[in-house]
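Numbering (the working numbering), first residue to last: 530 to 681. Backbone N, C-alpha and C fix where the C-beta goes; we use that ideal spot for every residue, glycine too.
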Amino acid sequence: MMSSVTSRRGRHPLSAALSVLLLPAAAWAAPAAPSDDPALLDVIKVDAQRQPGKDIVSPTEAPASLVDAAALAARAPGAALIDNGAISGQVQYRGVFGPRVNVRIDGQGFESGGPNLMDPPLHYAPMGLIERLEIDRGIAPVSAGPGLGGGV
Numbered sequence: 530m531m532s533s534v535t536s537r538r539g540r541h542p543l544s545a546a547l548s549v550l551l552l553p554a555a556a557w558a559a560p561a562a563p564s565d566d567p568a569l570l571d572v573i574k575v576d577a578q579r580q581p582g583k584d585i586v587s588p589t590e591a592p593a594s595l596v597d598a599a600a601l602a603a604r605a606p607g608a609a610l611i612d613n614g615a616i617s618g619q620v621q622y623r624g625v626f627g628p629r630v631n632v633r634i635d636g637q638g639f640e641s642g643g644p645n646l647m648d649p650p651l652h653y654a655p656m657g658l659i660e661r662l663e664i665d666r667g668i669a670p671v672s673a674g675p676g677l678g679g680g681v
């Protein structure tokens, strides 16, 4: 009595020959590895002026209807405001918000005064007391302390 494996092989005698014939075609269709030869690499030259790493938003340019510093920060490019009520908002910068945005007032870090950031740090900076607002673009520098998405 023949086993099932033997009987399957007996049904398709050309399958092994066909796979051997198709193997070079598959290798030919594979993309070539990039060359590490410096003579073949393109030279890219960039001439530009370095942009400052901070956006500065001035309260004198803001409308009088803004209540706190969070509303002022929301006017910067890449920033938004998550409203927690009429006079309290959480800053969102390039999709990052909460404790991952390193909020400082006069260089001092602040934590939320309540659960779920219902009392965000910039709530303590009313518009009448703000001289300017600085936002570090991109990843916050190590010298600014912990903060994933930038500093406000």
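Report yes if the C-beta distance between residue i and residue j is below 8 Å; otherwise report no.
| i | j | result |
| --- | --- | --- |
| A602 | I664 | yes |
| F626 | V632 | no |
Please work out which residues of its chain come closer than 7 Å, Cβ to Cβ, to residue i, disregarding the five sequence neighbours upstream and downstream, and give them in chain order.
| i | result |
| --- | --- |
| G607 | Y622, R623 |
In its own chain, which residues sit with a C-beta less than 6 Å from the C-beta of residue i, not counting the 5 before and 5 after it?
| i | result |
| --- | --- |
| E660 | none |
Could you tell me which of the options sits nearest to residue i, measuring between CA atoms?
| i | options | result |
| --- | --- | --- |
| P649 | V630, A577, L658, A568 | V630 |
| P474 | A600, P628, A609 | This structure does not reach residue 474, given that the chain is present from 530 up to 681, and the question cannot be answered. |
| L658 | V572, D635, A577 | D635 |
| A605 | D566, V671, R666 | R666 |
Go through its chain and collect everything with a Cβ distance to residue i's Cβ below 8 Å, but skip five positions before and after it.
| i | result |
| --- | --- |
| L610 | A599, A600, A602, A603, G618, Q619, V620, Q621 |
| V671 | none |
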